[in-house]
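Numbering (our numbering), first residue to last: 329 to 528. All C-beta atoms, glycine included, are put in the ideal place defined by N, C-alpha and C. The structure under discussion appears below in the form of structure tokens.
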Amino acid sequence: MRARTPHPLGILSAVLAGIALTAAVEVGGAAAVTAQSPARRPAGESLAPYAPTPHDVVDRMLTLAGVTKRDVLYDLGSGDGRLVIQAAKQYGARGVGIDIDPDRIAESRTNARQVGVEALVEFRLEDALAADISDATVVTLYLLSSSNLKLRPKLQRELEPGTRIVSHNFSMGGEWKADKVDEFTDSNGSTRVLYLWTIK
């Protein structure tokens, strides 16, 4: 009995199926690697050590800035995202948190999802000195005096007139006097100072 010769189309189908399977495995493997790869810290300097702003101070900063749902709030050095998240939760404001630490950005995104404001907020892994902040109507800071001085030319150059800036505990230097200073005692008994400037 003569052996049956495989049909050419059958051979071609088998070859194509093998190629497709190999490609799927390679793509799936690449996706898995991508999903597991941690975010890399961007180039740039840290402008302050991580020190979360107490929640009652957050509320006071938002009040001083006069935040409304029409605002776009940028928090430079946003940490766990609490200020941006509270602005969205309490006022319906859109917000952008910028931080150089990938762990803080991941934490912020989780926190936003937990309170249901992820549609209003965005967290960017960026160097605050290099970030585009031109669409901000409110900017909040809890950095250091030296960092504020580095940011000052950027704030004055990029922000539109009427944009409000609120800094927790640190001024912008004597040459740029605050429009308003709010000194108070927080819920833990610590003295806090908030500075407000409005871009002219």
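Three-state class that DSSP yields for residue i in the structure shown
i	result
Val-521	strand
Ala-459	coil
Arg-452	strand
Ala-363	Model confidence at Ala-363 stands at a pLDDT of 36, short of 50, so the residue's coordinates are unreliable; what they give is reported in the following sentence. Helix, per DSSP.
Asp-510	strand
Asn-516	coil
Arg-441	helix
Leu-375	coil
Ile-413	helix
Gly-490	coil
Val-499	Checking the sequence, you will find Ser at residue 499 rather than Val. Three-state result, Ser-499: coil.
Asp-431	helix
Distance CB(residue i)-CB(residue j) smaller than 7 Å
i	j	result
Ala-327	Val-395	Residue 327 lies beyond the range of the chain shown here (329 to 528); nothing can be said about it.
Gln-414	Val-386	yes
Val-521	Asp-463	no
Leu-487	Asp-507	no
Asp-403	Leu-392	no
Tyr-419	Lys-397	yes
Terminal residues of the alpha helix (DSSP H) in which residue i lies
i	result
Asp-387	383 to 393
Ile-426	First-last for Ile-426: 422 to 427, but that is the beta strand (DSSP E), not the alpha helix (DSSP H).
Leu-483	473 to 486
Best match in the options for proximity to residue i [C-alpha to C-alpha]
i	options	result
Gly-405	Tyr-419, Asn-476 and Val-443	Asn-476
Gly-409	Leu-448, Thr-491, Ala-393 and Arg-398	Leu-448
Arg-485	Val-412, Ala-458, Asp-510 and Ser-473	Ala-458
Ser-515	Arg-388, Arg-368 and Ala-367	Arg-388
Ile-519	Thr-526, Ile-527 and Val-509	The amino acid at residue 519 is misidentified as Ile; the sequence shows Thr. That would be Val-509, whose Cα lies nearest to the Cα of Thr-519.
Ser-473	Gly-517, Gly-502 and Leu-390	Gly-502
Arg-452	Ile-433, Leu-375 and Lys-482	Ile-433
Gly-423	Ile-461, Lys-528, Thr-526 and Lys-482	Ile-461
Gly-407	Leu-375, Arg-480, Arg-398 and Thr-526	Leu-375
Segment limits, beta strand (DSSP E) that includes residue i
i	result
Tyr-470	No beta strand (DSSP E) contains Tyr-470, which DSSP labels as neither H nor E.
Asp-403	400 to 404
Counting Cβ pairs, one atom from each stretch, are 3 or more of them under 8 Å apart for the stretch 490 to 507 and the stretch 465 to 472? yes
Could you tell me whether the stretch 478 to 492 touches the stretch 421 to 432, using the rule of 3 or more Cβ pairs below 8 Å? Taking a contact to require three or more Cβ pairs closer than 8 Å, the stretch 478 to 492 and the stretch 421 to 432 do not qualify as touching.
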